[in-house]
Every structure is written in C-alpha cells, then in structure tokens.
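Quick note on numbering: this note's numbering labels position 159 of the sequence shown as 159, and the sequence is numbered without any gaps.
Each residue gets a CB set at the ideal place from its N, CA and C atoms; glycine is no exception.
Just so you know, these numbers come straight off a predicted model, no measurement behind them.
Let me begin by presenting the structure, written as structure tokens, before commenting on it.
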Amino acid sequence: MKDKVKVCFLLLMNAIQAGRIYSTEHPKFEEFLDRLYNILLEILEHKKELILGLVSSELAWEDEIFFDLSSKLSTLISFLEENRIERIVFSQGLQREELRQFISFLIRAKKPVQVSEAEKEYLDLSGVQNIRAGRLRAMIKNQDSERIKEELKRKYESSVEAVSYSLNLVLEEREVDYLDLRFNLLNVMEDFFGRHQELLNLIEVKRSDLVTFVHLLNVSILVMFFASKLGFARDDVLDLGVAALYHDIGKLYISHKIIKKKTRLTDEEFQQIQNHPIIGAQILERYKDSLGYLPVVAAFEHHLRYDLSGYPKLPFNRKPHLASQMISICDVYDALAIKRSYKKDYPPDKIYELMMMEKGKAFAPQLLDKFFQFIGLWPVGTIVVLNDDRVAVVRRVNENEIARPVVEIIAPQNEGEVIDLSQNGELSIVRALNPRGKGKKYLALLSLSNNPF
C-alpha cells in the first residue's frame, strides 16, 4: 500500500505539470490523469478514504512521512505550499471527471484565492463530491513589502538550487526529467518575468559555487522575457529557456580553476576555454532525445558572434540560429550586470553603450534594438537620480523612448509621485545608483513592481 501511495504523489505531480505546461485537454495530461485515477481506485477498494498530507514541507500518509520523496517531488511540495494546501482527501466513489476538475482547479489557482468564512477548513469545489483539499494556513491580505521581497528571494534561491540540480544531472550523465524541468522554468517565468534588475537589487550571491548557476538562471529569465515580448508561443518560450539554461554546460565541464582564475590565462588554458562550446554541444548531443536539439545548437553557437568572427571557427559562412543570437545578447547583458571576483558590475547606461558598440558585430542589429526596446535603457527596478537631484525607481519602460521611462520618486520629497518622463520635457535621468553601493540605503524604500506576466 505504501508504494502505491508514493506512486499517487508522483502521478499527481506529473498530472499538474502536464496540465500547466500543455493543457488539461492534452494527451499527456490525459495519460497521467488515467494512471492516477486507476491507482486511486485500487487503493480506495480497500480504504474509505486516502489522505495525502504535507507536514513541515514533507509528504505524508497516515503515520508515514516520506522523507525519501523530498528531493524527487520538491516541485509538488512547493506547488502545494504555494496553494496553501496541507492535505488532500480522496473518498470512495471517486469519479474520473471529479479528479480532472480538481486538478484543473489547482492549476488555475496557482496564486492562492480568497476563501470565505464557510470555507475555513476545505476548499469548496463545485461538482467535486469525493475530493477535499484542506488549507495550510489562513490567507494573508496586503502582505507588506518586506515580506513580498523575502518571498521573492526565497523563490529565487530555490530556483537557483533547482538549476544547479538540473545542470549537475547532465554533468554526471544522469537522466533528466524534461517535464519537471519545463515545469520549473514555467514557474521561473511566472515569478520573475521582467524583473531582472529587481532581482539584481535583492539577491547577493555569497556562495562562489553558485555564481555560474545564478548567471545561467538569469540568462534563462532574460531569454524567456525577450521571447515572450517578441510574441513567441509559450512552448517555444520554454524551449528557449531550456536552451539558455544549458548553453554554457561546456564551461561548467572545464576545470573551475581555469574559469575562476584571476590572473592571465596561459595559451593552453585559453584554448580550453575556447573549446567549451564544442564540449558543451557534445555533452548535450547525448540528451537530444529528452532536451531536443536547440540546447545543442545554442551551446555550440553562443560565442560565434553575428559577424562570425567568434569561436568555434566554421568552415562555411552561416549566421547563428535565432535562439543562439537571442541567448548571446542575454548572456552578455547579464554578465555585464553582475559583479564577479574579476570584474565590476556596470550600470545600465554603460551596458547599453558597450553592447551598442557591438551592434552588427557581436549582435544582430534588429534583435539588439528589440531587446533594449523591451528591457529599456533603464530597466524596471533601477534606482536612478534625476536632474533635480531627487531619487526615483523605474516602474515601467516606455518602449518608444527607452531613455525616458515611468519613474516613482522615493526621496527626498514628493515620495510616491509617479512621473512619465516621456511626457515631461524638464526632467531626465542623470545616472543609476548601484544597489550594492550608493543605492543600498534606498532599497528598503522600494516596493516591487507588479509582475506583468
């Protein structure tokens, strides 16, 4: 019985993932729904009720706590916690359509919904008589800014750990669960869409072993934002996110002593670095059946440059794949924005200047223009000083005037005033304040922007 309950947890996670990644009409969802329903029927032949629980972030059944499932089913645990669900009760008489409606409800209720006084203990699911879902804790209205920031940091740190795990699976030549990977990226896209600069404000990576994983996650976030703004279909956006996540797997494979070396590289070490796109493509080629070919292409091409002056050298002239060109732009943007042991973090206007110098050389001209049209010269979340010496935070990019976004004043007077600089000819942005330097004292004054995803 215990093994069957474990399978229930696994199939519940698979059904939720399939429903969110594809739809509740997709054959993959139907497959997992059928398998879950059948094993539930087997269990309910011998028990009046099956209670699946969540106790202190561990999956549980009766007196059993399944500590061995914590890592494998961390996605399900996070999903249930985010939806404030601590137990799910299945009763005899369960119908397949009830199960479908219940999982569809969970998928729609990704962000917790308000419950009435009459629903303190259980969600009221119309038409579902043989499934009950208990609340984990009471809803909290109007969460204060600091709590929201802490929640965003927690989600981001959890995502970094998930990225580290997914990349290490490939480095260790283990099997990758593509459905789980796409589901994690879908959560990443929903939680961090358009928030690159806000994340840079909030997150300070203290563990050196996670720096590369943070960068790869950021590149994936930027690429999915870029692709979404360009109008790509959701499946294509997620495929690009996966490719971005794995594009530098070859560099991870190379000795960390070379990658993190502060002194000048020897000729031999430099050659090893230049070979990392080939190494990465060879590694990912072994995973083409589960990850597809796009990660292979992106790993091989991300240093080619638009004018083909990069590496590896090709025996023929062929422009890099669109995915590789997009990843290259996002890769360089985040690399310039993040402080490393061997380089400082550049302000947004300097990043714009440096990348525009490579327009038509490293980067496709139209793509580069589009990227900055979407992310802005001053991205959302940038702390800036105006020409009247007031300090503000960028709240929205004006795509037609990227240097003149919508800002909110945070100091020293008229705090909370919102100004559209594209409609104000007198005010302009003079410079950005580094959130790790002169801008640090203003971080506590900031609330997060509304995630537009």
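- In this structure, the straight-line span from the alpha carbon of Leu40 to that of Ile16 is close to 16 Å.
- The C-alpha of Glu285 lies about 28 Å from the C-alpha of Phe29.
- Under the DSSP assignment, Ile383 falls outside any alpha helix (DSSP H), being part of the beta strand (DSSP E) whose first and last residues are Ile383 to Leu386.
- Only residues of its own chain outside the window of five on either side were considered, and among them Gly292 and Leu294 have a CB closer than 7 Å to the CB of Asp239, listed in chain order.
- The C-beta distance from Ser56 to Glu81 rounds to 11 Å, too long to fall under 8 Å, and the pair is not in contact.
- Between Ala18 and Phe32 the beta-carbon gap is near 5 Å, inside 8 Å, which marks them as a contact.
- Pairing Lys2 with Pro365, the inter-Cα distance amounts to about 59 Å.
- Shown here for Pro347: same chain residues with a beta carbon closer than 8 Å to its own, the five before and five after excluded, namely Arg431, Ala432 and Asn434 in chain order.
- If you draw a straight line from the Cα of Arg395 to the Cα of Glu426, it comes to about 19 Å.
- In the DSSP assignment, Val55 forms a beta bridge with Glu58.
- Around His302, the same chain offers His247, Pro277, Ser324, Ile327, Ser328 and Asp331 as residues with beta carbons nearer than 7 Å, after the five sequence neighbours per side are excluded.
- If you draw a 10 Å sphere on the C-beta of Leu314, you find fewer than 16 other C-beta atoms in it, and that means exposed.
- Residue burial is scored here from C-beta neighbours: Leu265 has fewer than 16 other C-beta atoms within 10 angstroms and is therefore classed as exposed.
- In the structure shown, Ser71 adopts coil according to DSSP, grouped into three states.
- In the DSSP annotation of this structure, the continuous segment of the beta strand (DSSP E) that includes Glu86 starts and ends at Ile85 to Ser91.
- Taking a contact to require three or more Cβ pairs closer than 8 Å, the region 190 to 198 and the region 219 to 229 qualify as touching.
- Between Ala162 and Asn184 a beta carbon distance of about 5 Å is seen, short of the 8 Å cut, so the two are scored as contacting.
- C-alpha of Thr263 to C-alpha of Gln272: approximately 16 Å in a straight line.
- Within the model, the alpha-carbon separation for Glu172 versus Tyr253 is close to 10 Å.
- Pro320 is classed as buried because its beta carbon has at least 16 other beta carbons within 10 Å across all chains shown.
- In the DSSP annotation of this structure, the continuous segment of the beta strand (DSSP E) that includes Asp420 starts and ends at Val418 to Asp420.
- Taken through DSSP and simplified to helix, strand or coil, Ala18 comes out as helix.
- Taking the Cα of Ala244 as reference, the smallest distance to any Cα among Pro412, Val5, Leu202 and Leu167 is reached at Leu167.
- The C-beta distance from Val89 to Glu49 rounds to 6 Å, short enough to fall under 8 Å.
- Along the length of the region 228 to 295, whole alpha helix (DSSP H) runs at least 4 residues long occupy 234 to 246, 249 to 253, 256 to 259, 267 to 274, 276 to 285 and 288 to 291, reported in chain order.
- For Val406, the enclosing beta strand (DSSP E) covers residues Val406 to Ala411.
- Pro412 counts as exposed, since fewer than 16 other C-beta atoms from the protein chains shown sit within 10 angstroms of its C-beta.
- Within the DSSP bridge table, the entry for Leu50 names Phe90 as partners.
- The three-state reading of DSSP puts Glu161 in helix, counting H, G and I together.
- Counting the other Cβ atoms within 10 Å of the Cβ of Asp68 gives fewer than 16, which makes it exposed.
- Partner residues in the beta bridge of Arg132, as assigned by DSSP, are Val89.
- For Phe270 and Lys361, the gap between their C-alpha atoms comes out near 22 Å.
- Non-local C-beta neighbours of Glu42 in its own chain, meaning closer than 8 Å and more than five positions away in sequence, comprise Lys4, ordered along the chain.
- Within the same chain, Cβ atoms closer than 8 Å to the Cβ of Lys6 are found at Phe66 and Leu69, the five residues on either side in sequence being excluded.
- In the same chain as Thr212, and ignoring 5 residues on each side of it, the C-beta atoms closer than 8 Å to its own belong to Asp248, Lys251, Leu252 and Ile259, in chain order.
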